[in-house]
Each structure stands twice: as structure tokens, then as C-alpha cells.
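So the sequence shown is numbered by this note's numbering: it starts at 405 and just counts up by one.
Inspection log for the structure reproduced underneath, given as C-alpha cells.
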Amino acid sequence: MRFTSKLPDVGTTIFTVMSRRALEENALNIGQGFPDYAIDPRLAASLSEAVAQGRNQYAPMEGTIELREQISTKLFVCYERRFDPTAEITVTCGATEALYDAVQAVVGPGDEAIIFDPAYDAYEPAVRLAGARCVRVALSPPALRFDWDEVRRALSPRTRLILINSPQNPCCSVATREDLDALAACVRDRPVTIIADEVYEHVLFDDRRHASVLAHPELRERSYAVFSFGKTLHATGWRVGYCVAPAEMTRELRKVHQFNTFSIAAPLQYAIAGYLSKYPDAWHGLAAFFEAKRDLLAGLLKGSGLEPLPAAGTYFQLIDYGALSKESDVKFAERLIREAKIATIPLSPFYANPPPMTLLRLCIAKQDSTLRAAAERLLTFASAAARLAG
Ligand SMILES: Cc1ncc(COP(=O)(O)O)c(C=O)c1O
Numbered sequence: 405m406r407f408t409s410k411l412p413d414v415g416t417t418i419f420t421v422m423s424r425r426a427l428e429e430n431a432l433n434i435g436q437g438f439p440d441y442a443i444d445p446r447l448a449a450s451l452s453e454a455v456a457q458g459r460n461q462y463a464p465m466e467g468t469i470e471l472r473e474q475i476s477t478k479l480f481v482c483y484e485r486r487f488d489p490t491a492e493i494t495v496t497c498g499a500t501e502a503l504y505d506a507v508q509a510v511v512g513p514g515d516e517a518i519i520f521d522p523a524y525d526a527y528e529p530a531v532r533l534a535g536a537r538c539v540r541v542a543l544s545p546p547a548l549r550f551d552w553d554e555v556r557r558a559l560s561p562r563t564r565l566i567l568i569n570s571p572q573n574p575c576c577s578v579a580t581r582e583d584l585d586a587l588a589a590c591v592r593d594r595p596v597t598i599i600a601d602e603v604y605e606h607v608l609f610d611d612r613r614h615a616s617v618l619a620h621p622e623l624r625e626r627s628y629a630v631f632s633f634g635k636t637l638h639a640t641g642w643r644v645g646y647c648v649a650p651a652e653m654t655r656e657l658r659k660v661h662q663f664n665t666f667s668i669a670a671p672l673q674y675a676i677a678g679y680l681s682k683y684p685d686a687w688h689g690l691a692a693f694f695e696a697k698r699d700l701l702a703g704l705l706k707g708s709g710l711e712p713l714p715a716a717g718t719y720f721q722l723i724d725y726g727a728l729s730k731e732s733d734v735k736f737a738e739r740l741i742r743e744a745k746i747a748t749i750p751l752s753p754f755y756a757n758p759p760p761m762t763l764l765r766l767c768i769a770k771q772d773s774t775l776r777a778a779a780e781r782l783l784t785f786a787s788a789a790a791r792l793a794g
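Structure, rendered in C-alpha cells:
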């Protein structure tokens, strides 16, 4: 039998490729977005407790009520609105599953979804597997900002979905309240649903405040808002996320969720619920925590030829190597792995139509000692490259 691929152009993700290359070359991996430090020991203890208490069987499809209530409380603290834990909140296998389920619930054959370019790589395959088509709207360097005129031009009678991500991976930019107003104006009177990927909701720098669709009265009526405890609790391997949406939209999302993952690991849900009930402000220091890491890494690299770009949020930092080389980002990243023993993530794989650019993405969710060691290797490489170029 000849097997026909539904995603013939999709290969292994750039994160997996670079992490594998890092292992092969014994390189320091500051590419893929995961912390290299321990989770809060109180969260680990809460998991042991949940297992010991026998929380080891199927959790309810929509998530344990204990966790959904904690999420509802947290949302009220953040966005000053009460979301109904029974009808508007669903626990998913990371944000990735929530995104996939929401896309399947919204689009089908013949539909169009507007996605920004560059974007997190999980969006486009989900749209295509639903039989729909992505229309990309560029966020071009150096500004990397939303261009709402372009969004208006990209809208068509077939548009059913706009997928927005703020704070944005990989651009490290954040949407403002004005951006959300512009988005609302674009979709007013159109049958367009919003999926808002807000996994970095707590990682905004320099006193910026997160503009969530959940705090926007017009947008929250047509939005799936997607969050991740992986990011908020430094536990990416736990794979616990959630989706918040109006009841009718949540019902549709759950139809997909129940036949996709059915329900999420029970002990993990009880562990997070127990932890948040005892330490409700556990996530409060996240912005300051990551801002210090951004400042540390950016301060070390500034002036080296691997120039840090301004980063408004997320746990990433872009660097521009244009002063040292005009090689493609994929080639330059490969050279860094081989010659500097540092794994980074090139930016072009996040684009459907990459413009000419010389940008790499680094992850700042690392111990300070890791960031210092990474900077030292990068600086040694940069000064050698500058000597050669000079
Ligand atoms: C923008 C964005 N959305 C979604 C995800 C996936 O989150 P999760 O690990 O909870 O599935 C990530 C992970 O890096 C991300 O950066």
C-alpha cells in the first residue's frame, strides 16, 4: 500500500532537532523552552501526597473540580471576572492539546484561519489536519509588531479563526489593550472565533501588564483562551494546561477533548489544585524572576556582535548575529553547536515565509549559572568570529 501523508512537508520540529544535536555535540542547550532548575519542592510534595492518597484513576473528562475551582479563583485574581468552573474551564494535556482541540472545534474544510508569521509551530498543522487553510500575516523584523491593516486585508468570507499569541513566542513582543481593541474591531460582525495563546501570561517585563482576551468584554465572548501550568509552575513535563471559553464554545471543545486525550493525569491535577489552595500566590513573582534572567543574559551579550533585541515578555531572548555573519540562521545555529558547543533555535522555522534575517532564539528559563556559562561560550565565539571578519 502507498501511504499518503496528510502533512507531507512537516518534519521533526526544530526544537527536537536542535535538542538532539545538542546531545550529539555535547553542547549546552539554551534553545528549547524548558527550565533546567527544580520545581517548587512543595509542588513535588503535593504530587507525592496525591499518589499516596490514591488519586490514581481516571480524572473527570473536563478536569477535576478541585483544579477547575482553583483555576477560576486564579482567573478572578488576574482578570477580575468569575469564570464558571463547571461550564467554562477545561483541563487539557498542556496548552498544546487545548490549542489542537479548539482549532478542531472551530474550522473545517474550506475555512481559513489567520495566523501570524512567525508563530509557534503547533498552530498550522492543527489547522491543516482540520482540513482548513492558514493565511499568514507577517510580523516582520525589526518591529515584529501586529499590523492590523494587514489583518483586515487578510480577512475573507471564509475566515473562521484568528489565532493570536501574547506574549509572543518567538518574537518576545506583547499585545497591548489597543491591539486587542483593533482585533475586536477587525472581527466585529464577522463569524470569526479567536484562539488566544496566553501561556506566558505572567512573563511580561518592565511593568507591562498582560492584555488578556478574558479581560476584554467583547473578545472574551468569542475566544478560547489557552494557558499552561507547564510555564506557570516551571513544570513543562507535567503537561497540564487549560482552556477558558464561553459555555457553548466549551461544550464544542470538550467534544474534541473527550475523544482526544479524554482526561488528564489525575495525580497531577490533584497536586496542582492542592498546591494552589495552600499557596495561591505561588506564581506572583514570575515576571521579576524572568526579568532578572533577561537582564543578566542581555547584559552579558550586549556589544558582543550577538546583539540582544528588546524583549517585552516570554521566557526567550532573540539575538541578532548580523554583525558577525550573513549566513542563514539554520547554518549559523549549526555552527554555534559545533564550534561554540551552544544549542540555540534559529528563527526561520517559525515562519511560513521567512524574510531575510539573522536572528536566533535563546531560552532564559535557565539557572543563572547556565546563562553565564552560555554567555561565556557565545562571547568567546563572537570575539573569534569578529577577529576573522575584521
Ligand atoms: C507560545 C506557546 N504556546 C504553547 C506552548 C505549549 O505549551 P504546553 O507545553 O503547555 O503544551 C508553548 C510551549 O513552548 C508556547 O511557547
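Here a beta-carbon is modelled for each residue, glycine too, at the ideal position from N, C-alpha and C.
Apply the 10 Å Cβ neighbour rule to residue i and answer buried if 16 or more other Cβ atoms are within range, or exposed otherwise.
i: N460; result: exposed
i: D553; result: exposed
i: A773; result: As written in the sequence, residue 773 is Ser, which differs from the Ala given in the question. By the neighbour-count rule (16 or more Cβ atoms within 10 Å), S773 is not buried but exposed.
i: D611; result: exposed
i: S708; result: buried
i: F663; result: exposed
i: Y674; result: buried
i: A547; result: exposed
i: S787; result: exposed
i: K682; result: exposed
i: T408; result: exposed
i: K706; result: exposed
i: M368; result: Only positions 405 to 794 of the chain appear in the structure, and residue 368 is not among them; the question remains open.
i: K770; result: buried
i: R624; result: buried
i: D685; result: exposed
i: G467; result: buried
i: E528; result: buried
i: T416; result: exposed
i: A456; result: exposed
i: Y524; result: buried
Quick one: grab the DSSP three-state call for residue i.
i: P750; result: strand
i: R765; result: strand
i: C647; result: strand
i: D772; result: helix
i: C497; result: strand
i: L503; result: helix
i: T420; result: helix
i: F663; result: helix
i: L556; result: The sequence given here has Arg at residue 556, not Leu. Three-state result, R556: helix.
i: G717; result: strand
i: R537; result: strand
i: F736; result: helix
i: E711; result: strand
i: Y628; result: strand
i: I599; result: strand
Rounded C-beta distance between residue i and residue j? I'm assuming under 8 Å.
i: D521; j: L503; result: That belief does not hold up - the Cβ atoms of D521 and L503 are roughly 17 Å apart, past 8 Å.
i: T748; j: L722; result: Rounded, the Cβ-Cβ distance is 10 Å, inconsistent with contact.
i: F480; j: R486; result: 6 Å
i: G717; j: Y646; result: Actually they do not touch by this definition, with Cβ atoms about 20 Å apart.
i: A639; j: I443; result: 5 Å
Is residue i a contact residue of ligand 1, with contact defined as CB to any heavy atom under 7 Å?
i: D585; result: no
i: N664; result: no
i: S452; result: no
i: Y524; result: yes
i: N433; result: no
i: D601; result: yes
i: S627; result: no
i: S632; result: yes
i: A499; result: yes
i: G467; result: no
i: G717; result: no
i: T416; result: no
i: T636; result: no
i: T748; result: no
i: G535; result: no
i: N569; result: yes
From the options, pick the residue whose C-alpha is nearest to that of residue i; which is it?
i: A756; options: V539, A463, D444; result: V539
i: V421; options: R776, P750, L637; result: P750
i: F666; options: V617, L637, T494; result: T494
i: S560; options: R594, V617, F550; result: R594
i: P439; options: L618, P412, L637, L722; result: L637
i: R446; options: R425, L680, I519, T580; result: L680
i: R354; options: C497, Q457, G435; result: Nothing about residue 354 can be read from this structure; the chain reaches only from 405 to 794.
i: V578; options: V507, T640, Y719, F480; result: Y719
i: K745; options: N430, P412, A789; result: N430
i: E453; options: W687, G678, E695; result: G678
i: A727; options: L471, A793, Q508, V507; result: A793
i: V607; options: C767, A558, Q474; result: C767
i: A463; options: V541, C482, P671, A696; result: P671
i: C482; options: A715, A615, L701; result: A615
i: P514; options: T563, A426, A499, F736; result: Here residue 514 is Gly; the residue named in the question, Pro, does not match the sequence. Closest option to G514, Cα to Cα, is T563.
i: D413; options: F785, R532, A449, L713; result: R532
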